[in-house]
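Basically our numbering = 1-based index in the sequence shown + 259.
Structure first, commentary second.
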Amino acid sequence: MHTKVEKERVKRMKRHTAYMRAYEDLSFLNREDLRPVRLQLELLKPELILREEGITSTVVVFGSTRTESRAKIEPMVETLQKRLAARPDDRRLAAQLAVARRLLAKTRYYDEARKFAHLVSRACQADGRCDYVIVTGGGPGIMEAANRGAHDAGAKSIGLNITLPLEQVPNPYITPELCFQFHYFALRKMHFMMRAKAMVAFPGGYGTMDELFEALTLVQTGKVKSLPVILFGEEFWSRAVDFEFLRDEGVIAPEDLDLFRYAETAQEAWDKIQDYYDKHGGSGLPPGALRKTRKGRK
């Protein structure tokens, strides 16, 4: 029979974190020494869920979080116009209005991203298949548009969210069971590429450039199988990145310009992906599936 003091000691032992099972002890799992374990878990959890959901291949879509729908940007432009009319000498307001107008012009990319995701999802997720599933970074802007297009088609889509100092909220169009959250950018990038059959980059900033050049480098060096990379909006990309200058300076090879193609519309982007697999094979779709979607389009 234990004494009262002994019983109290046992209670304290059982309350202490040392007594917790290791996998239940969050303070232990978050220690710096456990980073390799966290990396492994962050690789494994989405992988297992994607397998269980039958996701065989993906199409990666990314672009600016600031490229919103016209319905969101137009009120911003109207508000700034009214404020500037009241203070016509305010240069800061004039600059803000100029940027807002450029964002308004870019709303067409939101529309095209939505159309593109709808085209791909409708063509490749028929008969219960989960081929060419749209995957985005899970946030607003172009990512929302792509997830929304898949949602419009009644299809699945994936969101690979990332923890940031300013909390990123998943957009509402991701398939709930395919909405993931990552801490490590490196693991998130791995999941973007592991099942990718194509990559489509819309105009964007640092994050978009990061993802694009990561993908181009992996393809260039043969670390991943060659895949079609589509840059949406030649006018933007040819000014944002002078690829010809890089070639002429000798820092990339002439054939490196063949690693990507430009597109201006959703249909053109999808056609170029299909053209690529018509030529190279290895689409991962049933025989003739890509050709059928081309012939069957209106």
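All residues carry an ideal CB built from backbone N, CA and C; glycine is no exception.
Measuring only the C-alpha atoms, how far is Q384 from K415? 8 Å
At which residues does the beta strand (DSSP E) containing V296 begin and terminate? Taken as a continuous stretch (DSSP letters only), V296 belongs to no beta strand (DSSP E), being part of the alpha helix (DSSP H) at 294-311.
Report the start-end ranges of each beta strand (DSSP E) in the region 391-434 that is 3 residues or longer and not cut off at the edges. 392-395, 416-421
Could you work out which residue in V318, D515, L285, S328 is closest to A382 when comparing CA atoms only? V318
Closest by C-alpha distance to Y368, when choosing among L352, Q479, G400: G400
Extent of the continuous beta strand (DSSP E) to which A457 belongs: 455-460
In the DSSP assignment, what are the bridge partners of T317? V392, A455
Distance check for A376 and G387, CA to CA, integer angstroms please. 17 Å
Reference L339, options R351, R329, S328, closest by Cα: R351
Close-in-space but distant-in-sequence residues of the same chain around V343 (CB under 8 Å, 5 per side omitted): Residue identity check: residue 343 is Leu in the sequence provided, not Val. Cβ within range, chain order: D349, L352, A353, L356.
Under 8 Å by Cβ, that's how I've got I393 and N406 pegged, so tell me the actual separation to the nearest angstrom. 7 Å
With three or more beta-carbon pairs closer than 8 Å as the criterion, would you say the region 488-497 touches the region 520-539? yes
By how many angstroms is the C-alpha of T262 removed from the C-alpha of P305? 50 Å
If we call anything under 7 Å between Cβ atoms a contact, is Y432 one with H410? yes
Please report the residue range of the alpha helix (DSSP H) in which Y282 lies. That residue, Y282, is in no alpha helix (DSSP H); it is neither H nor E in DSSP.
Compute the distance between the beta-carbons of G313 and C389, then report whether it is under 7 Å. yes
Can you name the start and end residues of the alpha helix (DSSP H) that Q355 belongs to? 350-364
So V320 and W529 are in contact, right, with Cβ under 8 Å, and what is the actual spacing, rounded? Not confirmed; about 12 Å, so no contact.
Spell out the partners DSSP gives Q526 in its beta bridges. None; Q526 has no bridge partner.
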